[in-house]
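S.K.:
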Amino acid sequence: AQSVSQHNHHVILSEAASLELGCNYSYGGTVNLFWYVQYPGQHLQLLLKYFSGDPLVKGIKGFEAEFIKSKFSFNLRKPSVQWSDTAEYFCAVKSFQKLVFGTGTRLLVSP
Amino acid sequence: KAGVTQTPRYLIKTRGQQVTLSCSPISGHRSVSWYQQTPGQGLQFLFEYFSETQRNKGNFPGRFSGRQFSNSRSEMNVSTLELGDSALYLCASSLEPGSGEQYFGPGTRLTVT
Numbered sequence: 001a002q003s004v005s006q007h008n009h010h011v012i013l014s015e016a017a018s019l020e021l022g023c024n025y026s027y028g029g030t031v032n033l034f035w036y037v038q039y040p041g042q043h044l045q046l047l048l049k050y051f052s053g054d055p056l057v058k059g060i061k062g063f064e065a066e067f068i069k070s071k072f073s074f075n076l077r078k079p080s081v082q083w084s085d086t087a088e089y090f091c092a093v094k095s096f097q098k099l100v101f102g103t104g105t106r107l108l109v110s111p
Numbered sequence: 112k113a114g115v116t117q118t119p120r121y122l123i124k125t126r127g128q129q130v131t132l133s134c135s136p137i138s139g140h141r142s143v144s145w146y147q148q149t150p151g152q153g154l155q156f157l158f159e160y161f162s163e164t165q166r167n168k169g170n171f172p173g174r175f176s177g178r179q180f181s182n183s184r185s186e187m188n189v190s191t192l193e194l195g196d197s198a199l200y201l202c203a204s205s206l207e208p209g210s211g212e213q214y215f216g217p218g219t220r221l222t223v224t
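For the record, the sequence lines run as chains A and B. Sequential numbering from 1 applies to the first sequence in our numbering. Sequential numbering from 112 applies to the second sequence in our numbering.
#1: Are three or more beta carbon pairs between the region 206-217 of chain B and the region 91-103 of chain A nearer than 8 Å?
#2: Can you tell me where the beta strand (DSSP E) with residue 133(A) in it begins and where it stops?
#3: Give the C-beta separation of residue 131(B) and residue 193(B) to the nearest angstrom, bearing in mind that I take them to be a contact with Cβ-Cβ under 8 Å.
#4: Across the region 121-138 of chain B and the region 34-43 of chain A, are there enough close Cβ pairs to call them in contact, namely three or more that are closer than 8 Å?
#5: Can you tell me which of 116(B), 155(B), 142(B), 191(B) puts its alpha carbon nearest to the alpha carbon of residue 126(B)?
#6: Residue 107(A) bridges to which residues according to DSSP?
#7: What does a CB cutoff of less than 7 Å around residue 45(A) pick up in its chain, not counting 5 residues either side in sequence?
#8: Could you tell me the alpha carbon to alpha carbon distance between residue 2(A) and residue 84(A), rounded to whole angstroms?
#9: Taking the DSSP output, what are the residues bridged to residue 188(B)?
#10: Quick one: is residue 82(A) near chain B, going by C-beta distance under 8 Å?
#11: Whole-angstrom Cβ separation of residue 218(B) and residue 117(B), contact assumed at under 8 Å?
#12: Counting only beta-carbon atoms, is residue 103(A) nearer than 8 Å to chain B?
#13: Which residue or residues does DSSP assign as beta-bridge partners of residue 144(B)?
#14: Is it right to say residue 105(A) is buried, meaning 16 or more other beta carbons lie within 10 angstroms of its own, or is it exposed?
#15: Output needed in chain order: residues of the region 151-168 of chain B with a Cβ under 7 Å from some Cβ in chain A.
#16: Residue 209(B) CB to nearest chain A CB: under 8 Å?
#17: Under 8 Å Cβ to Cβ from residue 72(A), same chain only, skipping five residues before and after it: list those, please.
#18: Hey, how far is the Cα of residue 221(B) from the Cα of residue 148(B)?
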């Protein structure tokens, strides 16, 4: 079964800085990939998804992610973060009809 | 549309007891999945129910069980609680089984003492 690695457990950025959070999954083939976000005090919610086609996918709130098949990666990016982006971010892959999550990255954006 | 609701939100139990958690999916969603979230292990899949049938199961002992009712509401049960069962239990609903696009509830925080 697939596994997901998120290399950064904690990230601290200043507002307006660019963000890139790493995500790698364990093996190739057809993959469905997701980023979920959990804002403080809120439910886990879907940020963006990749099923096929254009490897650069855009999600809500200005986030995007790039699927690089050769690197088994699906990194999350945002050109300029805001204080309101402070949250925990989870990468996930669908494996045998179930979601397998990474351990999450806590992002703190300081104003 | 109302979101996924879970009851209770917080629960404290002692070792050896059993517990039942409840989840009501978004109206029209027939698939319900359960996850355990802990600081050390992150989010781990417990099981998924669709049309009152368990469709998929994670690597958890038989003490963890669940069921789904005809109105798609779901319950999970943990028997003979252990300290390590302390966690946030999340329920998620989706339109179809096996979907990666899931809508999560607020969770039930279970503390086992």
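Note that CB positions come from ideal geometry on N, CA and C, so glycine has one too. None of the values given here were measured: they were computed from a predicted structure.
M.R.: Based on what the coordinates show:
#1: yes
#2: Residue 133(A) cannot be examined here, being either before or after the span of chain A that is shown, 1 to 111.
#3: Numbered from its first residue, the second sequence carries residue 131(B) at position 20. Numbered from its first residue, the second sequence carries residue 193(B) at position 82. Actually they do not touch by this definition, with Cβ atoms about 16 Å apart.
#4: no
#5: On the second sequence, position 15 is the one that residue 126(B) refers to. Checked all of 116(B), 155(B), 142(B), 191(B); the closest Cα to residue 126(B) is 191(B).
#6: Translated into the one-based positions of the first sequence, residue 107(A) becomes position 107. For residue 107(A), which the question treats as bridged, DSSP gives the partners 11(A), 87(A).
#7: Locating residue 45(A) in the first sequence gives position 45, counting from the first residue. Around residue 45(A): 36, 37.
#8: If you number the first sequence from 1, residue 2(A) lands on position 2. If you number the first sequence from 1, residue 84(A) lands on position 84. One C-alpha to the other measures close to 32 Å.
#9: Along the second sequence, read from residue 1 onward, the residue named residue 188(B) stands at position 77. Residue 188(B) pairs with 131(B), 176(B).
#10: If you number the first sequence from 1, residue 82(A) lands on position 82. Not an interface residue.
#11: Here residue 218(B) refers to the residue found at position 107 of the second sequence. Here residue 117(B) refers to the residue found at position 6 of the second sequence. Indeed they touch by this definition, with Cβ atoms about 6 Å apart.
#12: Indexing the first sequence from 1 puts residue 103(A) at position 103. Output row for residue 103(A): interface = yes.
#13: As a position in the second sequence, residue 144(B) is number 33, starting the count at 1. Looking at the DSSP assignment, residue 144(B) forms a beta bridge with 159(B), 203(B).
#14: Residue 105(A) sits at position 105 when you count from the first residue of the first sequence. It counts as buried.
#15: 153, 154, 156, 159, 167
#16: Counted from its first residue, the second sequence places residue 209(B) at position 98. Residue 209(B) counts as touching chain A.
#17: Here residue 72(A) refers to the residue found at position 72 of the first sequence. So the list reads 24, 25, 26, 27, 28, once near-sequence residues are dropped.
#18: On the second sequence, residue 221(B) is found 110 positions in, with the first residue counted as 1. On the second sequence, residue 148(B) is found 37 positions in, with the first residue counted as 1. Distance between the alpha carbons of residue 221(B) and residue 148(B) is about 11 Å.
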